[in-house]
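All you need for my numbering is the position in the sequence shown, starting with 1, plus 7.
Here's the structure we're looking at; comments come further down.
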Amino acid sequence: MTSTISGGLEALRNLMTGPVLLPADADYDKARTVWNGEIDRRPAAVARVQSAGDVAAAVGFAREHRIELTVRGGGHNFGGAAVADGALMIDLSLLSAVVVDPVAKTARCGGGATLAQFDAATQEFGLAVTGGTISNTGVGGLTLGGGFGWLTSRMGLSCDNVIGAQVVTADARILHASETDNPDLFWAIRGGGGNFGVVTEFEFRLQPIGPLVNFAMFFWPLADATEALRTCRDTAYEIAATTGVLIGCLNAPPAPFVPEEYHFAPGVALMVAGFDTPEEHANLLPRIREKRTPAFEFVTQMPYTALQSMLDDSAPWGIWGYEKAHYLDDLSDDVIAAVVEHLPKKQSPLSFIPIFPLAGAFGLIPDDATAFGGSRAARWAFNIAGLAPTPELHAADRVWVRSLWEALQPYASSGGSYVNFMTDFDEDRVRASYGEAKYERLAQIKAIYDPDNVFHRNANIKPAEA
Ligand SMILES: Cc1cc2nc3c(=O)[nH]c(=O)nc-3n(C[C@H](O)[C@H](O)[C@H](O)COP(=O)(O)OP(=O)(O)OC[C@H]3O[C@@H](n4cnc5c(N)ncnc54)[C@H](O)[C@@H]3O)c2cc1C
8 MTSTISGGLE ALRNLMTGPV LLPADADYDK ARTVWNGEID RRPAAVARVQ SAGDVAAAVG
68 FAREHRIELT VRGGGHNFGG AAVADGALMI DLSLLSAVVV DPVAKTARCG GGATLAQFDA
128 ATQEFGLAVT GGTISNTGVG GLTLGGGFGW LTSRMGLSCD NVIGAQVVTA DARILHASET
188 DNPDLFWAIR GGGGNFGVVT EFEFRLQPIG PLVNFAMFFW PLADATEALR TCRDTAYEIA
248 ATTGVLIGCL NAPPAPFVPE EYHFAPGVAL MVAGFDTPEE HANLLPRIRE KRTPAFEFVT
308 QMPYTALQSM LDDSAPWGIW GYEKAHYLDD LSDDVIAAVV EHLPKKQSPL SFIPIFPLAG
368 AFGLIPDDAT AFGGSRAARW AFNIAGLAPT PELHAADRVW VRSLWEALQP YASSGGSYVN
428 FMTDFDEDRV RASYGEAKYE RLAQIKAIYD PDNVFHRNAN IKPAEA
């Protein structure tokens with residue numbers, strides 16, 4: 008569904024209040040970049056929308072002129088779903104206002120807000136919702152696919168906390184979705200990705216968090232990786248019932264809190280973010296130390312916004328990225344053996360293996376309450392991320408990602424994985440992530456709101472046939 012935009016473009020400029028960037032425009036090259044430096048695509052134009060009306064104009068224009076559409080939130084999808092050669096990109100970055108109601112403990116945010124923008128606004132009132140671990144990720148893509156982060160066990164996924172949304176559908180209508188307005192659409196956008204339209208505004212339920220939170224990191228070097236991962240398995244899931252926990256198989260950063268001898272050393276890090284009192288946090292930590300003494304540890308308080316951006320340097324904008332993921336029921340000794348065998352084989356120091364325990368509130372939500380692609384019974388989201396500064400290292404670590412992913416496939420709890428951790432949206436894996444019943448329900452809703460599959464640059468749900 009592609010053609011050229013020439014001739015009609017002036018008309019689009021006249022229909023929108025926001026700017027429309029063409030290849031000759033100064034900002035075009037910056038506007039077409041996404042987080043993954045490997046992606047170098049040239050859209051026909053970038054529509055920098057400023058309102059739902061602008062989005063409706065851009066969608067209507069693209070359909071009339073038979074131009075492919077892409078939608079850009081924060082630009083963080085590993086496969087570069089936000090940008091395509093010859094397409095019209097709807098860039099939501101100017102739609103980033105966040106309005107907080109501190110009494111109702113809710114926030115409305117534009118569909119192009121980043122987590123950093125959202126957290127800065129909500130923390131003014133000591134409030135937060137689950138977000139991801141890198142602050143320049145878009146609230147949009149993250150929430151539409153699910154949204155794991157430090158608060159998952161306390162509040163569930165980001166999508167579990169959405170209470171309403173404004174959506175521009177494929178026929179350029181501006182709809183409200185909530186439990187009472189278009190409830191089928193409301194269900195679908197909480198996990199079903201960008202398949203159902205452009206979300207121009209999200210409304211979230213918030214909880215009091217911070218402004219200071221408690222943080223601890225334990226590190227064990229590669230030589231101790233097997234026992235370290237067993238320690239993480241035996242303590243992390245339990246601790247994660249009330250705290251934010253992330254296990255990272257990585258190279259220690261050259262940070263001030265890391266002893267110099269461990270700068271860049273590969274190993275296992277266990278990170279624990281506590282949201283209650285420092286005493287309650289401190290009481291959790293001895294069980295980790297006692298099980299396996301770490302090479303070093305770092306315990307501190309920090310602002311919640313600092314926690315949310317603490318890992319930004321580990322995945323900088325413009326790095327070349329590739330990732331694959333599994334859901335696992337158990338970090339068994341066989342899984343640990345595969346990780347320990349593969350960890351030293353990665354070539355780029357930035358490539359790493361983040362493992363999220365799926366505990367607490369995550370598992371209390373019924374599977375069919377949202378469209379989220381994954382079982383609430385899964386215990387671990389296991390991600391393998393190749394992140395490299397050069398194409399050569401990237402090529403090597405793409406092979407490394409695939410090799411570890413294949414080694415773990417026999418232990419995966421389903422044929423699918425978290426759709427937001429997919430670089431390639433293979434139809435079979437997307438289907439398997441949702442499971443047949445949920446996929447079929449999504450396909451029926453897709454047939455109502457986007458029967459021609461206009462929004463297909465995503466973990467695509469094919470519209471059910473009439
Ligand atoms: C370094 C890094 C760290 C990450 N860490 C986490 C993490 O901790 N937890 C986690 O859950 N995920 C994480 N992710 C995955 C992240 O959730 C997904 O990549 C997500 O899709 C990013 O959303 P985005 O809006 O930034 O991306 P984009 O590339 O802009 O969009 C991704 C998809 O969503 C669609 N989309 C975006 N916004 C809208 C909207 N408002 N309306 C309709 N469609 C929209 C796009 O069309 C595209 O298909 C991480 C990704 C990276 C690269």
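A virtual CB, placed ideally from N, CA and C, is assigned to each residue, including glycine.
Keep in mind that this is a model prediction, so the values were computed, not measured.
Rounded to whole angstroms, residue 466 and residue 163 show a C-alpha spacing of 22 Å. Taking all protein chains in view, the Cβ of residue 404 is crowded by 16 or more other Cβ atoms within 10 Å, so the residue is classified as buried.
A Cβ-Cβ contact shorter than 8 Å links residue 122 with residue 138. By the CB criterion at 8 Å, residue 96 and residue 64 fall outside the cutoff. Between the C-alpha atoms of residue 131 and residue 104 there is a straight-line separation of about 14 Å.
With respect to the C-alpha of residue 194, the residue from 432, 85, 166 having the closest C-alpha is 166.
A distance of 8 Å or more separates the beta carbons of residue 173 and residue 89. Around the Cβ of residue 187, a 10 Å sphere holds fewer than 16 other Cβ atoms; the residue is exposed. With distances taken between CA atoms, residue 282 lies nearest to 312 out of 312, 258, 254.
Contact between the segment 199 to 206 and the segment 230 to 248 is absent: fewer than three C-beta pairs spanning the two stretches fall below 8 Å. By the Cβ neighbour-count rule, residue 197 is buried, with 16 or more other Cβ atoms within 10 Å of its own. One alpha carbon belongs to residue 469, the other to residue 314, and they sit about 38 Å apart. DSSP links residue 327 through a beta bridge to 395.
One alpha carbon belongs to residue 115, the other to residue 183, and they sit about 13 Å apart.
Under the DSSP definition of a beta bridge, residue 389 partners with 333, 362. Residue environment: residue 330 is assigned as buried (16 or more neighbouring CB atoms within 10 Å of its CB, all protein chains considered). Proximity to residue 100 across 94, 107, 125 peaks at 125, based on C-alpha coordinates.
Distance from the CA of residue 421 to the CA of residue 28, rounded to the nearest whole angstrom, comes to 43 Å. The residues 258, 271, in chain order, have a CB closer than 7 Å to that of residue 356 in the same chain once the five nearest residues on each side in sequence are set aside. Distance from the C-beta of residue 88 to the nearest heavy atom of ligand 1 is below 7 Å. One thing to note: residue 129 has its Cβ no nearer than 8 Å to the Cβ of residue 219.
Taking a C-beta distance under 8 Å as the contact criterion, residue 118 and residue 80 qualify as a contact pair.
By the Cβ neighbour-count rule, residue 279 is buried, with 16 or more other Cβ atoms within 10 Å of its own. Assignment of residue 227 by DSSP, reduced to helix, strand and coil, places it in the strand class.
The bridge partners DSSP lists for residue 183 are 173.
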